[in-house]
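Below is one structure, written out as structure tokens, with a few remarks after it.
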Amino acid sequence: MKREDNNQKNNTEKYTVIMLGSILFMLCVMTIIMIISMVCRCTNMISVQDQGYNGGGVGMLIDPNAVDPSDVQSSDEEQGVAISGISAITIPQGEKEVTVDFYNPDKNADMYYQTFELRLTDDSGGYETIYTSGLVEPGKHIKHITLSRGLEAGVYQAVIHVQPYRMNEERTPTNNADIKTELIVK
Amino acid sequence: MTESYVVTIPASVSFTDTEKNIDRPLQVENIVLNEGRTLKINVSSLNNFKMKNGDSEIDYKMMVNATEIPEKNNQDVLVIKAGEHSGWAILHFLTELSKDNALLAGRYSDTLTFTVSIV
Numbered sequence: 073m074k075r076e077d078n079n080q081k082n083n084t085e086k087y088t089v090i091m092l093g094s095i096l097f098m099l100c101v102m103t104i105i106m107i108i109s110m111v112c113r114c115t116n117m118i119s120v121q122d123q124g125y126n127g128g129g130v131g132m133l134i135d136p137n138a139v140d141p142s143d144v145q146s147s148d149e150e151q152g153v154a155i156s157g158i159s160a161i162t163i164p165q166g167e168k169e170v171t172v173d174f175y176n177p178d179k180n181a182d183m184y185y186q187t188f189e190l191r192l193t194d195d196s197g198g199y200e201t202i203y204t205s206g207l208v209e210p211g212k213h214i215k216h217i218t219l220s221r222g223l224e225a226g227v228y229q230a231v232i233h234v235q236p237y238r239m240n241e242e243r244t245p246t247n248n249a250d251i252k253t254e255l256i257v258k
Numbered sequence: 003m004t005e006s007y008v009v010t011i012p013a014s015v016s017f018t019d020t021e022k023n024i025d026r027p028l029q030v031e032n033i034v035l036n037e038g039r040t041l042k043i044n045v046s047s048l049n050n051f052k053m054k055n056g057d058s059e060i061d062y063k064m065m066v067n068a069t070e071i072p073e074k075n076n077q078d079v080l081v082i083k084a085g086e087h088s089g090w091a092i093l094h095f096l097t098e099l100s101k102d103n104a105l106l107a108g109r110y111s112d113t114l115t116f117t118v119s120i121v
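Residue numbers (this note's numbering), protein chains in the order written: chain A, 73 to 258; chain B, 3 to 121.
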């Protein structure tokens with residue numbers, strides 16, 4: 073009788089310990105969750121203050137009239153053509169084989185080839201073409217070219233005429249660009 | 003320092019019976035300009051802002067910031083000064099194409115040339 077009483081007492085103690093342990097564990101978990109959420113809130117407050125808002129921007133609305141150029145063109149419309157420009161090219165005098173850097177930007181991938189024409193211009197609006205390339209794929213450069221003639225030392229007004237072509241069977245030409253540049257021969 | 007940039011121009015503008023007012027962006031990025039220099043872009047039309055199909059033509063207009071680009075061409079549409087690394091403008095194209103006009107059927111076109119200079 074006495075032994076049964078002891079066993080019952082031990083079991084009760086065990087259950088009590090287990091219950092207390094579970095309650096304690098749950099309290100710890102809840103405390104950790106609360107600490108984490110408080111830290112997150114504090115971080116947000118610091119970010120807003122770093123931007124100099126000091127709470128002044130809170131409650132303000134996004135201006136619906138503000139636009140970005142990408143807003144103007146819908147995703148279904150034809151993308152624009154990227155054209156690389158440079159203000160000066162330097163080449164050696166008297167040489168027909170020269171080094172340049174005509175580049176069709178990566179941005180035109182799967183859309184546009186480009187051709188490059190180097191023209192010497194004059195004040196009357198006329199020009200002389202001294203180099204014409206073939207089709208250049210997007211991401212590619214033309215570095216070594218052969219001019220139609222070598223040039224004497226001096227600074228020449230020139231234009232790089234860039235003509236894009238769609239990558240379709242017809243190779244349809246698009247709008248184009250004249251990149252004004254100085255050709256420095258020395 | 004070598005000056006350079008990347009300009010993105012509209013490849014084309016296509017009018018239809020229902021689309022007679024079209025906007026296209028003109029953008030310049032990765033701009034490297036020496037101090038005191040300015041990048042300028044102007045636009046000229048091969049056919050003086052007329053779309054042509056043989057002898058038949060259709061007028062259209064191009065505007066930038068509510069200012070019409072005149073038929074004589076070569077008006078600056080975008081100006082960017084040294085210190086700025088990018089810039090853009092919205093080009094607005096419009097036509098009065100109408101089914102009532104007795105026009106030759108077919109494709110009418112014009113070509114725009116964007117001239118970029120650094121001064």
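The beta carbon of each residue, even a glycine, is placed where N, CA and C say it ideally should be.
Can you find a CB in chain B that lies within less than 8 angstroms of the CB of residue i?
| i | result |
| --- | --- |
| GLY157 (chain A) | yes |
| ASP148 (chain A) | Residue placement at ASP148 (chain A) is flagged as unreliable, the pLDDT there being 42, under the threshold of 50; the coordinate-derived value follows with that caveat. For ASP148 (chain A), the answer is no, since every Cβ of chain B falls outside 8 angstroms of its Cβ. |
| ALA160 (chain A) | yes |
| ASP194 (chain A) | no |
| ASP122 (chain A) | With a pLDDT of only 41 at ASP122 (chain A), under 50, the local geometry of the prediction cannot be trusted, and no value is derived from it. |
| LYS252 (chain A) | yes |
Tell whether a beta-carbon distance below 8 angstroms holds between residue i and residue j.
| i | j | result |
| --- | --- | --- |
| VAL34 (chain B) | ILE24 (chain B) | no |
| ILE232 (chain A) | ILE256 (chain A) | no |
| GLY152 (chain A) | ALA84 (chain B) | no |
| VAL45 (chain B) | MET64 (chain B) | yes |
| PHE116 (chain B) | ALA160 (chain A) | no |
| ASN247 (chain A) | THR10 (chain B) | no |
Taking 8 angstroms as the CB-CB cut-off, is residue i touching chain A?
| i | result |
| --- | --- |
| SER58 (chain B) | no |
| LEU114 (chain B) | yes |
| VAL81 (chain B) | no |
| ILE120 (chain B) | yes |
Run through chain B and tell me which residues come within less than 9 angstroms of residue i, C-beta to C-beta.
| i | result |
| --- | --- |
| GLY166 (chain A) | Under the 9 angstroms cutoff, chain B gives no residues; its nearest Cβ is about 23 angstroms from GLY166 (chain A). |
Taking residue i as the query, report the chain A residues whose CB atoms sit under 8 angstroms from its CB, ordered along the chain.
| i | result |
| --- | --- |
| VAL66 (chain B) | Result: empty, since nearest Cβ-Cβ is about 13 angstroms, beyond 8 angstroms. |
| THR4 (chain B) | ILE158, SER159 and ALA160 |
Starting from the Cα of residue i, find the closest Cα among the options and give me that residue.
| i | options | result |
| --- | --- | --- |
| ILE214 (chain A) | A:TYR175, A:LEU223, A:GLU189 and A:TYR185 | A:TYR175 |
| THR20 (chain B) | B:LEU93, B:ASP61, B:THR97 and B:ALA91 | B:THR97 |
| GLN29 (chain B) | B:PHE95, B:GLY89, B:GLY38 and B:LEU114 | B:GLY89 |
| THR18 (chain B) | B:PRO27, B:ARG109 and B:ARG39 | B:ARG109 |
| MET218 (chain A) | A:ILE202, A:PRO210 and A:ALA181 | Before going further, note that residue 218 (chain A) is Thr rather than Met in the sequence given. Answer by Cα proximity: A:ILE202. |
| GLU189 (chain A) | A:LEU207, A:PRO164, A:GLY226 and A:ASP195 | A:LEU207 |
Using the beta-carbon of each residue, which ones in chain A are nearer than 7 angstroms to residue i?
| i | result |
| --- | --- |
| PHE17 (chain B) | The premise fails here: PHE17 (chain B) is roughly 13 angstroms from chain A at the closest Cβ pair, so nothing lies under 7 angstroms. |
Could you work out which residues of chain B lie near residue i, taking near to mean beta carbons separated by less than 7 angstroms?
| i | result |
| --- | --- |
| PRO31 (chain A) | Because chain A is modelled from 73 through 258, residue 31 (chain A) falls outside the range shown and cannot be assessed. |
Which chain A residues sit within Cβ distance under 9 angstroms of residue i?
| i | result |
| --- | --- |
| ALA13 (chain B) | GLU150, GLN151, GLY152, VAL153, MET183, TYR184, PRO236, ARG238, THR246 and ASN247 |
| THR117 (chain B) | VAL231, ALA249, ASP250, ILE251 and LYS252 |
For the ligand SAM, any of its heavy atoms closer than 7 angstroms to the Cβ of residue i?
| i | result |
| --- | --- |
| SER47 (chain B) | Here there are no bound small molecules, and the ligand SAM is not part of this structure. |
Ranges of the beta strand (DSSP E) found wholly within the segment 20 to 79 of chain B, counting only runs of at least 3: Correct list: 23 to 34, 40 to 47, 52 to 55 and 58 to 66.
Secondary structure, alpha helix (DSSP H): runs of 4+ residues fully inside the segment 143 to 181 of chain A: Listed in chain order, there is nothing to give.
Contiguous beta strand (DSSP E) assignments of at least 3 residues, all confined to the segment 193 to 242 of chain A: List check, beta strand (DSSP E) in window: 199 to 204, 213 to 218 and 226 to 238.
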